[in-house]
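What follows is a set of notes on a single structure, which appears directly below.
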Amino acid sequence: MRHGSDKQPRHFSAPGDAPRVIDQGSVWILVAAPSIWAAHFLLSYWVAAIWCAKTGPMASLFEPRWIIVALGLICTALIAWLGVIAVRRYGGVFVIFEEITDSSERGRDRFIGHVALLLCVLSVVAIGFTVIPGLVFATC
Amino acid sequence: MRRGILLIIPALLAGCDGRHNWLASAGAEAQRVEELFWVLLLGAAVIWSLVIGAAVYAHRRQVDPSLETQARRFILWGGAVFPTVVVGALLVWGLVILRDITSDEGDLTVRVDGERWWWRVIYETPEGDVVTANEIRLPVDRTALFRLTADDVIHSFWVPALGGKMDMIPGRETTLALTPIQTGNWGGLCAEYCGGAHALMRFDAIVMEQDAFDTWLAAEAEAAQVAGDDRGFEIFQEEGCGACHTIRGTDAQGPVGPDLTHLAAREKLGAGIYDMTPETMARWITDTHEMKPDIDMPPYPDLQGDRLDRLVAFLMSLD
Ligand SMILES: [Cu+2]
Chain A
2 MRHGSDKQPR
12 HFSAPGDAPR
22 VIDQGSVWIL
32 VAAPSIWAAH
42 FLLSYWVAAI
52 WCAKTGPMAS
62 LFEPRWIIVA
72 LGLICTALIA
82 WLGVIAVRRY
92 GGVFVIFEEI
102 TDSSERGRDR
112 FIGHVALLLC
122 VLSVVAIGFT
132 VIPGLVFATC
Chain B
6 MRRGILLIIP
16 ALLAGCDGRH
26 NWLASAGAEA
36 QRVEELFWVL
46 LLGAAVIWSL
56 VIGAAVYAHR
66 RQVDPSLETQ
76 ARRFILWGGA
86 VFPTVVVGAL
96 LVWGLVILRD
106 ITSDEGDLTV
116 RVDGERWWWR
126 VIYETPEGDV
136 VTANEIRLPV
146 DRTALFRLTA
156 DDVIHSFWVP
166 ALGGKMDMIP
176 GRETTLALTP
186 IQTGNWGGLC
196 AEYCGGAHAL
206 MRFDAIVMEQ
216 DAFDTWLAAE
226 AEAAQVAGDD
236 RGFEIFQEEG
246 CGACHTIRGT
256 DAQGPVGPDL
266 THLAAREKLG
276 AGIYDMTPET
286 MARWITDTHE
296 MKPDIDMPPY
306 PDLQGDRLDR
316 LVAFLMSLD
């Protein structure tokens with residue numbers, strides 16, 4: 002396991018140990034969860050728009066409703082996986098009791114992990130708020 | 006500054022009573038929104054008091070580091086989880102209301118066409134369309150489905166006491182369902198700026214018992230009773246009024262302005278802005294643009310004396 006109290010030096014020379022996009026120290030994990038939410042938002046609109054255009058303005062949204070829910074579940078799962086990475090690789094915790102002030106790799110990682118975790122929660126809530134209108138409304 | 010705000014308050018509150026009051030519970034749809042409004046207001050008041058109370062309390066108290074964990078937990082639950090749940094619940098509630106009040110079915114259908122700056126109103130009945138203008142009467146406890154469109158620019162159809170509002174868009178049809186639950190004369194207005202006389206684009210929304218409504222609608226459906234040699238009607242035609250206005254049952258079939266077949270049966274003149282009296286009617290004809298600026302009807306300042314009196318008497322007889 003690569004998570005530990007101290008950061009391993011980064012060497013990707015060994016074959017099979019290719020760099021991962023979201024790895025310890027990478028800030029990509031911060032934008033990943035909100036991006037998934039944005040993608041879900043956009044896709045939901047597309048699904049509804051295409052459905053309404055193809056079946057007439059008063060068509061039942063029964064189908065897109067479940068498509069949006071399914072997309073929501075997939076995105077939530079993706080974000081949950083990101084959350085796991087934030088905890089495992091970055092050592093992120095949900096509630097921080099002391100300030101993270103030390104200028105060390107370890108400190109920066111923990112900070113990124115913490116922020117990533119919070120963003121994951123926020124994104125899941127946001128996806129929920131996108132799914133709810135889809136569930137409530139049955140018309141275009 | 007403070008004084009200014011205090012001065013504004015009575016003016017704002019003045020908008021809160023009477024026939025344009027959206028808190029009057031005069032319509033089933035408005036009532037649903039009203040419930041949500043009061044819960045929001047009350048809830049916000051309670052939460053605001055608690056937060057401010059907590060802030061004052063925290064300010065007064067000595068810092069106690071041993072409570073750090075508790076405090077953080079309190080922030081997590083009170084500052085993150087609680088608001089999320091509350092906002093989520095309100096979202097669901099609001100959406101359900103929205104879904105319930107946007108219906109495309111009604112016990113009667115009324116088409117309303119927004120024009121600058123008046124309303125063309127058409128009741129769909131089994132016997133055919135009944136055309137009228139500038140006044141909308143509705144039976145109480147029945148859902149009226151409004152099919153809305155506009156002739157020139159975007160208008161917006163709003164009867165605050167009953168519910169709404171809904172935009173009227175040229176080339177498109179929007180619908181709005183309203184179910185009045187209180188009889189009375191509720192004010193309606195255009196809620197989308199549409200040019201010069203926008204603020205004078207109003208109408209009466211009169212909610213009546215079903216019987217009275219049926220009688221009224223039957224009367225509206227009738228053609229006007231105009232004698233062939235009615236001097237007033239001759240003047241109406243000589244002046245060219247009939248080129249713009251329709252009086253059903255006569256040669257006057259103009260499509261430009263409001264239908265005048267039962268003009269005098271309306272309570273207001275000029276799209277809900279003046280009382281329907283011979284005096285206002287005479288001024289409407291001679292000083293048209295003083296009465297309502299910019300409108301498409303030309304003034305007739307030279308129409309005076311006996312001719313004017315006869316024309317006005319004729320118009321006032323159209324009930
Ligand atoms: Cu208007």
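Protein chains in written order, with my numbering: chain A, 2 to 141; chain B, 6 to 324. From the three backbone atoms N, C-alpha and C, an ideal C-beta is built for every residue, glycine too.
Exposed unless 16 or more other CB atoms sit within 10 angstroms - verdict on residue i
i	result
V164(B)	buried
K55(A)	exposed
V317(B)	buried
H267(B)	buried
P144(B)	buried
Q36(B)	buried
A19(A)	Unreliable positioning characterises A19(A) in this predicted model, as indicated by a pLDDT of 49, which lies under 50. A coordinate reading is not provided.
D7(A)	Note on D7(A): pLDDT 44, under 50, position unreliable in the model; the coordinate value appears next. That one is exposed.
P303(B)	exposed
Y46(A)	exposed
S14(A)	Confidence at S14(A) is low in this model, with a pLDDT of 36, below 50, so its placement is unreliable and the value that follows should be read with caution. S14(A) is exposed by the Cβ-count criterion.
P16(A)	The pLDDT assigned to P16(A) is 40, lower than 50, so where the model puts this residue is not dependable; a value taken from the coordinates is nonetheless given after this. It is exposed - the Cβ of P16(A) has fewer than 16 other Cβ atoms within 10 Å.
R177(B)	exposed
V212(B)	buried
F319(B)	buried
Q309(B)	exposed
D264(B)	buried
Q9(A)	Caution applies to Q9(A), whose pLDDT of 45 falls short of 50 and renders its modelled position unreliable; the model cannot decide the point.
H115(A)	buried
R65(B)	exposed
L55(B)	exposed
D307(B)	exposed
L81(B)	exposed
Nearest to residue i (by Cα), restricted to the options the options
i	options	result
A70(A)	V28(A), V122(A), L118(A), H41(A)	According to the sequence as given, residue 70(A) is Val; it is not Ala. Of the listed residues, the one whose Cα sits closest to V70(A) is H41(A).
G73(A)	V132(A), V122(A), G84(A)	V132(A)
V125(A)	V116(A), G92(A), L79(A)	L79(A)
V85(A)	Y46(A), L120(A), S36(A), S104(A)	L120(A)
F162(B)	R125(B), I57(B), F42(B)	R125(B)
T184(B)	L194(B), G169(B), G176(B)	G169(B)
G277(B)	F151(B), A217(B), E39(B), N190(B)	N190(B)
G192(B)	V56(B), C249(B), R207(B)	R207(B)
V97(B)	V137(A), A81(A), A39(A)	V137(A)
R121(B)	D105(B), S108(B), L150(B), E197(B)	E197(B)
T251(B)	A229(B), R271(B), D216(B), A270(B)	A229(B)
P298(B)	V51(B), D264(B), A204(B)	A204(B)
S108(B)	A49(B), A50(B), A76(B), T148(B)	T148(B)
R90(A)	V96(A), I97(A), W82(A)	W82(A)
D311(B)	E295(B), R236(B), A50(B), A269(B)	R236(B)
L150(B)	V115(B), I159(B), P260(B)	V115(B)
G93(A)	P35(A), R107(A), T102(A)	R107(A)
R142(B)	T154(B), E225(B), I80(B)	E225(B)
E272(B)	R253(B), A223(B), T188(B), A138(B)	A138(B)
P175(B)	G119(B), T89(B), L103(B), W27(B)	G119(B)
Residue i CB to nearest heavy atom of ligand 1 below 6 Å
i	result
M171(B)	no
M286(B)	no
H25(B)	no
C246(B)	no
A206(B)	As written in the sequence, residue 206(B) is Met, which differs from the Ala given in the question. Under cutoff, so the answer is yes.
H250(B)	no
C53(A)	no
H64(B)	no
C121(A)	no
C76(A)	no
H160(B)	yes
H203(B)	yes
Proximal residues of chain B, C-beta to C-beta of residue i below 9 Å
i	result
G84(A)	Within 9 Å Cβ-Cβ: nothing; G84(A) doesn't reach chain B, min ~16 Å.
Proximal residues of chain A, C-beta to C-beta of residue i below 9 Å
i	result
L81(B)	F95, V96
Partner residues on chain A for residue i, Cβ-Cβ distance less than 7 Å
i	result
T89(B)	V126
Short CB-CB distance (under 7 Å) between residue i and chain E
i	result
A33(A)	No chain E appears in this structure, whose protein chains are A and B.
Chain-ordered residues of the segment 91-107 of chain B with a beta carbon less than 9 Å from chain A: V92, G93, L96, V97, L100, V101, L103, R104, T107
Of all the residues that make up the segment 56-79 of chain B, which are near chain A by a beta-carbon distance shorter than 9 Å? Against chain A - using a Cβ distance shorter than 9 Å - the residues of the segment 56-79 of chain B are E73, T74, R77, R78.
Members of the segment 124-140 of chain A that neighbour chain B once the beta carbon cut-off is set at 9 Å: V126, G129, F130, I133, P134, L136, V137, F138, A139, T140
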